[in-house]
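Shown next, in structure tokens, is the structure this report addresses.
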Amino acid sequence: MLPPVAVYNCVHFAIDSRACILHLQPPLMASFLRATLRSQLKVGTKPSYSQTCRLFSTSQSRLRIDIMTGEPTALPDIESSQLKIHKNPNPRSPPKSSSLVFGHTFTDHMISIPWNALSGWSTPTIIPYGPLSLDPSCTVLHYAQTVFEGMKAYRDENNKVTMFRPDMNMKRMNRSAARISLPTFNGDEMLEIIKTLVKLDSHWIPQEPGHSLYIRPTMIGTQRALGVAPPTEALLFVICSPVGPYYKNGFKPVRLLATSNFIRAAPGGTGGYKLGANYAPGVVPQVLAAKQGYDQNLWLLGEEHYLTEVGTMNLLVVFKHPDGTTELATPPLEDVILPGVTRDSILALARDHESGKARIPGLPDNLKVSERHIKMAEVKAAAESGNLLEAFGAGTAAIVCPVKAIGYQGKDINVPVGDEGMGPVCKAILDQIVARQMGTVESDWSVVVTEGTKGSLKGPNPVA
């Protein structure tokens, strides 16, 4: 049986241009939901409450119900073949790579795709980069109805432009959107549109090692109304920013403050989704940590002080065990931790090494890979016994972030770092990911945007 709330909170459908709302009768909606669940779940499985809510929201954004028969009709989805391009009449010259500050410079164009509950997704357009026009009553401004993604495009020495595992970002964005009743979309079609944007502004992509084009897809609720409910209007837009290395002067190991008095996420919450609302509450704890001499928060959960994330990154810890094995461990997702693309890539590479499928230079032969709960007490004990080998964060912006100390209960737990500012496991994994991002190692994770040839850099003024 479906949770009562899933039947009671009926889908809100716009039935005219003024977004009047129609509430379907509970029996009709219950029938529709049952059909939706049957079509999307394996035979014999029972949907969890979170599955029901996500499927409910997804169906809301992709279907319209006939008010007389209750039959669902598909709303228009995003189609890359309909893309319209309006080039910027005043293109700018990209700045020198050496002057780039992360997330402060933006390219000439952006993607804009409106959605409404009556007509679905509108024609996708690429337009000149510029401000958005929003009504003061828009739901995003009052109820934080927004999701976003972070992904990168890279240029190799032959000017070949690639993106790293962008399909995962599209899937995660849809999952996040469904969690807060924003519309979902065809990820493959959206990816083709993003590739077109990257091609158009490809001369903004720096070629120097460690540089890239940061791509920020964002979706916001734009319905002009006060009241907490699924929005009847939304906007999906994408902007791009050329960026240099996260650490300009080489990797700098960070100091973490283990934080339990502030909570980033909890079971049943939204920590496992990339929502704008998840980030602002972390600013004050980070400021307080900085005042104590720490770079980031290590978010703890529950009375047992389980490790979750580092700032806005996933966390991985390397332990040495008495049987001679080296364990690369990371906390399980469990809807509390964001399913990071870099985290997934690290685990996949490490598991290939563990199984012998693809040995990675620099990783120990006896490596064991684990997704398990890790308590701060275990980390402290391992450090005291010399069995804590490494700890590092992982995310799109920095790729990896080595940890050198963790402040816990008034004392610092020291974490070993190598001469290069990171441990051997972190270094070996970093080298493998960068090689795939830059195309020096062939991988199906690397999605080609433009093939390119030496000297083919195009644009009004190539990056210097």
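Take 36 as the starting number for the sequence shown in this note's numbering and just add one per residue. Glycine included, C-beta positions come from ideal geometry on N, C-alpha and C.
Other residues of its chain near residue i: CB distance less than 7 Å, five sequence neighbours each side excluded
i, result
"Val263", "Tyr178"
"Leu226", "Pro201, Asp202, Met205"
"Asp236", "Thr142, Asp143, His144, Cys275"
"Gly245", "Gly279, Pro280"
"Gln307", "The identity of residue 307 in the sequence shown is Gly, whereas the question assumes Gln. Once the five neighbours on either side are set aside, the close Cβ partners of Gly307 are Leu368, Asp370, Val371, Ile372, Leu373, Pro374."
"Leu261", "Ser172, His177"
"Arg407", "Ala364, Pro367"
"Lys287", "Gly456"
"Glu243", "Ser132"
Residue i - DSSP class collapsed to helix/strand/coil
i, result
"Asn313", "helix"
"Pro62", "Because the pLDDT of Pro62 is 48, which lies under 50, any placement of that residue in the model is unreliable, and the question is left without a value."
"Val278", "strand"
"Leu335", "strand"
"His238", "helix"
"Leu384", "helix"
"Gly222", "helix"
"Leu37", "With a pLDDT of 39 at Leu37, under the threshold of 50, the modelled position of this residue cannot be trusted; read the value that follows with caution. Looking at Leu37 - three-state DSSP - the assignment turns out to be coil, as it is neither helix nor strand."
"Leu342", "strand"
"Thr257", "coil"
"Tyr84", "At Tyr84, the pLDDT of 48 sits below 50, so the modelled position is not reliable; the number obtained from the coordinates is stated separately. It is helical."
"Lys31", "No answer is possible for residue 31: it lies beyond the span of the chain, which begins at 36 and ends at 499."
"Leu363", "strand"
"Lys187", "strand"
"Leu270", "strand"
"Leu232", "helix"
"Ser154", "coil"
Span separating the alpha-carbon of residue i from that of residue j
i, j, result
"Glu339", "Ser147", "45 Å"
"Thr174", "Val353", "43 Å"
"Ala463", "Glu455", "12 Å"
"Gly442", "Ser390", "35 Å"
"Ile274", "Phe141", "7 Å"
"Met411", "His356", "17 Å"
"Val371", "Ala300", "6 Å"
"Ser157", "Val278", "31 Å"
"Ile232", "Ala470", "Reading off the sequence, residue 232 comes out as Leu, not Ile. Each residue's alpha carbon lies about 24 Å from the other."
"Val414", "Ser420", "10 Å"
"Val435", "Gln467", "12 Å"
"Val322", "Pro316", "11 Å"
"Met103", "Asn221", "28 Å"
"Pro459", "Met348", "20 Å"
"Ala212", "Gly359", "44 Å"
"Met457", "Leu336", "26 Å"
"Trp480", "Val438", "27 Å"
"Pro126", "Ser133", "21 Å"
"Pro124", "Pro163", "8 Å"
"Asn193", "Lys187", "18 Å"
Residue i, enclosing beta strand (DSSP E) - first and last residue
i, result
"Ile162", "160-163"
"Pro437", "434-443"
"Met411", "Met411 -> not in any beta strand (DSSP E); alpha helix (DSSP H) instead, spanning 411-420."
"Asp447", "446-449"
"Pro459", "Looking at the DSSP string, Pro459 is not in any beta strand (DSSP E); the run it does join, the alpha helix (DSSP H), is 459-473."
"Thr485", "481-485"
"Leu30", "No answer is possible for residue 30: the residues shown for the chain start at 36 and end at 499."
"Ser147", "144-151"
"Gly428", "423-430"
"Leu350", "348-355"
For residue i, the first and last residue of its enclosing alpha helix (DSSP H)
i, result
"Ala212", "201-214"
"Gln321", "318-326"
"His177", "174-178"
8 Å CB neighbourhood of residue i in its chain, flanking five on each side removed
i, result
"Lys234", "Val196, Val484, Thr485"
"Gln327", "Leu292, Gly442"
"Leu135", "Pro241, His246, Pro277, Val278, Gly279"
"Asp387", "Ala393, Ile395"
Contact belief for residue i with residue j at Cβ below 8 Å, rounded distance in angstroms
i, j, result
"Leu350", "Thr365", "6 Å"
"Gly448", "Tyr341", "One detail in the question is off: residue 448 reads as Ile in this sequence, not Gly. Not a contact, Cβ separation roughly 16 Å."
"Gly428", "Val345", "4 Å"
"Tyr249", "Gly138", "7 Å"
"Pro166", "Trp239", "Going by Cβ atoms, the distance from Pro166 to Trp239 rounds to 19 Å, so no, they are not a contact pair."
"Trp150", "Pro252", "Contact flag wrong, Cβ pair sits at about 14 Å."
"Leu363", "Leu423", "Actually they are not in contact, since the Cβ atoms of Leu363 and Leu423 sit about 13 Å apart, beyond 8 Å."
"Arg207", "Lys309", "6 Å"
"Glu268", "Glu114", "Incorrect: roughly 19 Å between the Cβ atoms, too far for contact."
"Phe199", "Gly311", "That belief does not hold up - the Cβ atoms of Phe199 and Gly311 are roughly 23 Å apart, past 8 Å."
"Pro159", "Leu110", "With a Cβ gap of about 15 Å, Pro159 and Leu110 do not count as contacting."
"Ile255", "Gln180", "7 Å"
Same chain, Cβ closer than 6 Å to residue i, neighbours up to 5 away in sequence not counted
i, result
"Pro320", "Thr294, Phe297, Asn332"
"Ile120", "Ile161"
Residue i beta carbon near the ligand ZN (any heavy atom closer than 6 Å)
i, result
"Arg259", "With respect to small molecules bound, the structure shown includes none, and the ligand ZN cannot be examined in it."
Chain C contact for residue i (CB, 7 Å cutoff)
i, result
"Val460", "Annotation note: the requested chain C is absent from the structure, which comprises a single protein chain."
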